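Enquirer:
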Amino acid sequence: MCYFLLNKKPSSSNIQKNLIIGKWKMNSLREGKDSVSLFTGIMGMIDSNIFHYNYDFRKDGSILKLLKDSAQKDTSHYEWSKRNVLLWKEQGDSIGELLTIAKLSTDSMVLQTKDSATIYFKRTSR
C-alpha cells in the first residue's frame with residue numbers, strides 16, 4: 000500500500016477549458032529539440048511578424064489568426080483531445096499538432112509541443 004502511494008504519479012490539475020476563449024498574442028517562444036515542425040505547422044513559416052499576430056480562440060473551435068489590424072485572416076481549428084491536451088489543426092491539415100496546456104489562466108497560456116518547444120501567450124481581450 001505504501002509503495003503504491005509513493006509511486007503514484009501526481010494527477011494533473013483539471014483546467015477550465017472556457018478560459019481559452021478570447022484574443023491572445025504570442026508573447027515568447029522557446030525552441031525544443033526539433034522545433035521545425037512547430038514553425039512550419041501551426042505557426043507557419045517564421046517571419047519577422049511572428050510576435051505581431053493575434054489569435055482569436057472561439058467557442059466553436061475555430062482560431063482566427065490576424066496580423067495586427069489586417070482584414071486578411073487565416074483560420075485554424077482546435078479541439079480538446081484529453082484533459083490538458085489541445086489538438087491544433089491548420090486549414091487542410093487532417094492530423095494536427097498535439098499541444099499540452101502547461102498553464103491556462105485569465106491572462107496567460109503556455110503550450111508545449113511533443114518536442115518540448117514552449118509557446119507563451121498573453122491575453123489581449125476576452
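Going by numbering that gives the first Met the number 0, the sequence shown opens with residue 0, and the numbers climb by one from there. Ideal Cβ positions, reconstructed from N, Cα and C, are used throughout, including at glycine. Quick caveat: nothing in here was measured; it's all calculated off a predicted structure.
1) For residue 58 and residue 21, I'd like the C-alpha separation in whole angstroms.
2) Got a sec, what are the start and stop residues for the beta strand (DSSP E) residue 62 sits in?
3) Please report the distance separating the alpha-carbon of residue 77 from that of residue 18.
4) How many angstroms separate the CA atom of residue 53 from the CA atom of residue 96?
5) What is the rounded straight-line gap between the Cα of residue 86 and the Cα of residue 111?
6) Going straight from the alpha carbon of residue 94 to that of residue 84, what length do you get?
7) For residue 121, does the count of other Cβ atoms within 10 angstroms reach 16, so buried, or fall short, so exposed?
Expert: According to the structure shown:
1) Mapped onto the sequence shown, residue 58 falls at position 59. Mapped onto the sequence shown, residue 21 falls at position 22. Going by the C-alpha atoms only, they are around 9 Å apart.
2) As a first step, residue 62 must be located in the sequence shown, where it is residue number 63. That run of the beta strand (DSSP E) goes 61–66.
3) Sequence index remark: in the sequence shown, residue 77 carries index 78 (1-based). Sequence index remark: in the sequence shown, residue 18 carries index 19 (1-based). Those two C-alpha atoms are separated by around 14 Å.
4) To locate residue 53, count along the sequence shown from 1; it is residue 54. To locate residue 96, count along the sequence shown from 1; it is residue 97. Residue 53 and residue 96: Cα-Cα distance of roughly 19 Å.
5) Walking along the sequence shown from the start, residue 86 turns up at place 87. Walking along the sequence shown from the start, residue 111 turns up at place 112. One C-alpha to the other measures close to 12 Å.
6) Within the sequence shown, residue 94 is the residue found at index 95, counting from 1. Within the sequence shown, residue 84 is the residue found at index 85, counting from 1. Going by the C-alpha atoms only, they are around 14 Å apart.
7) Within the sequence shown, residue 121 is the residue found at index 122, counting from 1. Label assigned to residue 121: exposed.
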